[in-house]
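From first to last, the protein sequence lines are chains A and B.
Take the first sequence: its position 71, counting from 1, is numbered 71 in our numbering, and each next residue is one higher.
In our numbering, each number is its position in the second sequence, counted from 1, plus 1000.
Every residue, glycine too, gets a C-beta built ideally from N, C-alpha and C.
Below is one structure, written out as structure tokens; the observations come after it.
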Amino acid sequence: AQSVAQPEDQVNVAEGNPLTVKCTYSVSGNPYLFWYVQYPNRGLQFLLKYITGDNLVKGSYGFEAEFNKSQTSFHLKKPSALVSDSALYFCAVSPGRAGGYQKVTFGTGTKLQVIP
Amino acid sequence: EAQVTQNPRYLITVTGKKLTVTCSQNMNHEYMSWYRQDPGLGLRQIYYSMNVEVTDKGDVPEGYKVSRKEKRNFPLILESPSPNQTSLYFCASSSLGGAWGGSYEQYFGPGTRLTVT
Chain A
1 AQSVAQPEDQ VNVAEGNPLT VKCTYSVSGN PYLFWYVQYP NRGLQFLLKY
51 ITGDNLVKGS YGFEAEFNKS QTSFHLKKPS ALVSDSALYF CAVSPGRAGG
101 YQKVTFGTGT KLQVIP
Chain B
1001 EAQVTQNPRY LITVTGKKLT VTCSQNMNHE YMSWYRQDPG LGLRQIYYSM
1051 NVEVTDKGDV PEGYKVSRKE KRNFPLILES PSPNQTSLYF CASSSLGGAW
1101 GGSYEQYFGP GTRLTVT
């Protein structure tokens, strides 16, 4: 069965410092990997994805993530955090192959708090 | 405007009273899905659909039904709601990835907050 782990319930970072939100996954074959953000009382918004190609992917609002196949990780990063980045972040995986099941599995979420 | 709409946005009901939450998308997406969000559990997939008349169970399908008679609509049906189905529900849609068929990034609806008493 596929799974996603976000080991930190909350990450605190000072404004202007780099931030990392961790994600590891387990899935058969070559995965599609995603990060989504949820602001308070809002739906989820897509941030970035890895499908194939360059392991470093860039997304919205200055975020990027690195796909590491050997460590089965897809950590979210940003060089300089903003207070407005404070939100709940979800990592997700889908099997990324034709046929068969196409479940999408989300992690439990990491609350990012950027301190002014 | 490309969007996923859900109705109702808020619903309070009683145990055993059948209800339907509607979901519609205007992006011609093949893939549609329902999730529930509960504190500490993240989003858990209830059902998904790869196309019209093609649906499959997610991780928490018990107590729910879905149908996909038209490409744009994917209603979620609770035949006999129970208090443990009190949750925040999201509908989402996406295109499928070329020859490989994987689900691309999803577009989410605004959510439906359901309370079952």
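Leaving out five residues before and five after Val-1052 (chain B) in sequence, what residues of the same chain have Cβ atoms less than 6 Å from its Cβ? Position 52 of the second sequence, counting from 1, holds the residue named residue 1052 (chain B). Arg-1068 and Lys-1071, listed in sequence order.
When we look at the beta-carbon of Asn-1008 (chain B) and count the other beta-carbons within 10 Å, is it buried (16 or more) or exposed? Translated into positions along the second sequence, residue 1008 (chain B) becomes position 8. With the sequence shown as reference, residue 1008 (chain B) is identified as Pro, and Asn is not the correct amino acid for it. Classification for Pro-1008 (chain B): exposed.
Applying a beta-carbon distance threshold of less than 9 Å, which residues of chain A neighbour Met-1050 (chain B)? Walking along the second sequence from the start, residue 1050 (chain B) turns up at place 50. Those are Gln-102, listed as they occur along chain A.
Same chain, Cβ closer than 7 Å to Val-114 (chain A), neighbours up to 5 away in sequence not counted: Within the first sequence, the letter at position 114 stands for residue 114 (chain A). Here the set comprises Val-13, Glu-15, Ala-81, Leu-82, Val-83, Asp-85 and Ser-86.
Enumerate in chain order the residues of its own chain whose CB-to-CB distance from Pro-7 (chain A) is below 6 Å, with the five nearest sequence positions on each side excluded. As a working note, residue 7 (chain A) is residue 7 in the first sequence. If we look at Pro-7 (chain A) and ignore the five residues flanking it on each side, its Cβ neighbours are Lys-22.
Measure from the C-beta of Ala-94 (chain A) to each C-beta in chain B and report whether the shortest distance is under 8 Å. Reading the first sequence from its first residue, position 94 is the one you call residue 94 (chain A). In the sequence as presented, Ala is not what sits at residue 94 (chain A); that position holds Ser. Interface residue, yes.
Would you kindly check if the distance between the Cβ of Leu-1078 (chain B) and the Cβ of Lys-1018 (chain B) is under 8 Å? To locate residue 1018 (chain B), count along the second sequence from 1; it is residue 18. To locate residue 1078 (chain B), count along the second sequence from 1; it is residue 78. Cβ atoms of Lys-1018 (chain B) and Leu-1078 (chain B): closer than 8 Å.
Have a look at B:Gln-1003, B:Lys-1065, B:Ser-1082 and B:Trp-1034 and flag the residue whose alpha-carbon is nearest the alpha-carbon of Met-1027 (chain B). Mapped onto the second sequence, residue 1027 (chain B) falls at position 27. Ranking the options by Cα distance to Met-1027 (chain B), first place goes to B:Gln-1003.
Distance, Leu-76 (chain A) Cα to Ser-1024 (chain B) Cα: Translated into positions along the second sequence, residue 1024 (chain B) becomes position 24. Translated into positions along the first sequence, residue 76 (chain A) becomes position 76. Cα to Cα, the separation comes out at about 31 Å.
For Ser-1080 (chain B), which residues in chain A fall below 8 Å Cβ to Cβ? Indexing the second sequence from 1 puts residue 1080 (chain B) at position 80. Under the 8 Å cutoff, chain A gives no residues; its nearest Cβ is about 25 Å from Ser-1080 (chain B).
Between which residues of its own chain and Ala-92 (chain A) is the CB-CB distance below 8 Å, once the five residues before and five after are set aside? Indexing the first sequence from 1 puts residue 92 (chain A) at position 92. Within the same chain, Ala-92 (chain A) has close Cβ partners Val-4, Leu-33, Phe-34, Trp-35, Tyr-36, Val-104, Thr-105, Phe-106 and Gly-107.
Which one of B:Gly-1016, B:Thr-1013 and B:Thr-1020 has the shortest CA to CA distance from Asn-1073 (chain B)? One-based indexing of the second sequence puts residue 1073 (chain B) at position 73. If we check each option's Cα against that of Asn-1073 (chain B), B:Thr-1020 comes out closest.
What three-state label does DSSP hand Asn-1084 (chain B) in the structure shown? Residue numbering aside, residue 1084 (chain B) sits at position 84 when the second sequence is read from its first letter. Residue state, collapsed to three classes: helix.
Leaving out five residues on either side along the sequence, give the residues of the same chain with a beta carbon under 6 Å from the beta carbon of Leu-19 (chain A). Here residue 19 (chain A) refers to the residue found at position 19 when the first sequence is read from its first residue. Hits under 6 Å: Val-13, Lys-78 and Ala-81.
Counting contacts by CB-CB distance shorter than 8 Å, is Gly-1111 (chain B) in contact with chain A? Looking up residue 1111 (chain B) in the second sequence gives position 111. Yes, because at least one Cβ of chain A sits closer than 8 Å to the Cβ of Gly-1111 (chain B).
How about Ser-1095 (chain B) and Tyr-1104 (chain B): are their beta carbons less than 8 Å apart? Here the question's residue 1095 (chain B) lines up with position 95 in the second sequence. Here the question's residue 1104 (chain B) lines up with position 104 in the second sequence. A contact, by the Cβ cut-off of 8 Å.
Using 8 Å as the limit for Cβ to Cβ distance, is Gly-43 (chain A) near chain C? In the structure shown, chain C cannot be found, because the protein chains are A and B.
Could you name the residues of the same chain whose beta carbon sits closer than 8 Å to that of Gly-62 (chain A), not counting the 5 residues immediately before and after it, in chain order? In the first sequence, residue 62 (chain A) corresponds to position 62, counting from 1. Counting only Cβ-Cβ distances below 8 Å, and skipping sequence neighbours, we find Lys-78, Pro-79 and Ser-80.
What number of angstroms, rounded off, separates the C-alpha of Tyr-1048 (chain B) from the C-alpha of Lys-58 (chain A)? In the second sequence, the residue the question calls residue 1048 (chain B) occupies position 48. In the first sequence, the residue the question calls residue 58 (chain A) occupies position 58. Each residue's alpha carbon lies about 28 Å from the other.
When you compare only the Cα positions, how much space is there between Phe-67 (chain A) and Val-1066 (chain B)? By 1-based counting over the first sequence, the position of residue 67 (chain A) is 67. By 1-based counting over the second sequence, the position of residue 1066 (chain B) is 66. Near 34 Å, if we compare the C-alpha coordinates of Val-1066 (chain B) and Phe-67 (chain A).
Going by the CB atoms, is the gap between Gln-1037 (chain B) and Ser-1087 (chain B) shorter than 8 Å? If you number the second sequence from 1, residue 1087 (chain B) lands on position 87. If you number the second sequence from 1, residue 1037 (chain B) lands on position 37. In contact: Ser-1087 (chain B) and Gln-1037 (chain B) (Cβ atoms closer than 8 Å).
Do Leu-88 (chain A) and Val-11 (chain A) have their C-beta atoms within less than 8 Å of each other? For the purposes of this step, residue 88 (chain A) is taken as the residue at position 88 of the first sequence. For the purposes of this step, residue 11 (chain A) is taken as the residue at position 11 of the first sequence. No, these two residues do not count as a Cβ contact at 8 Å.
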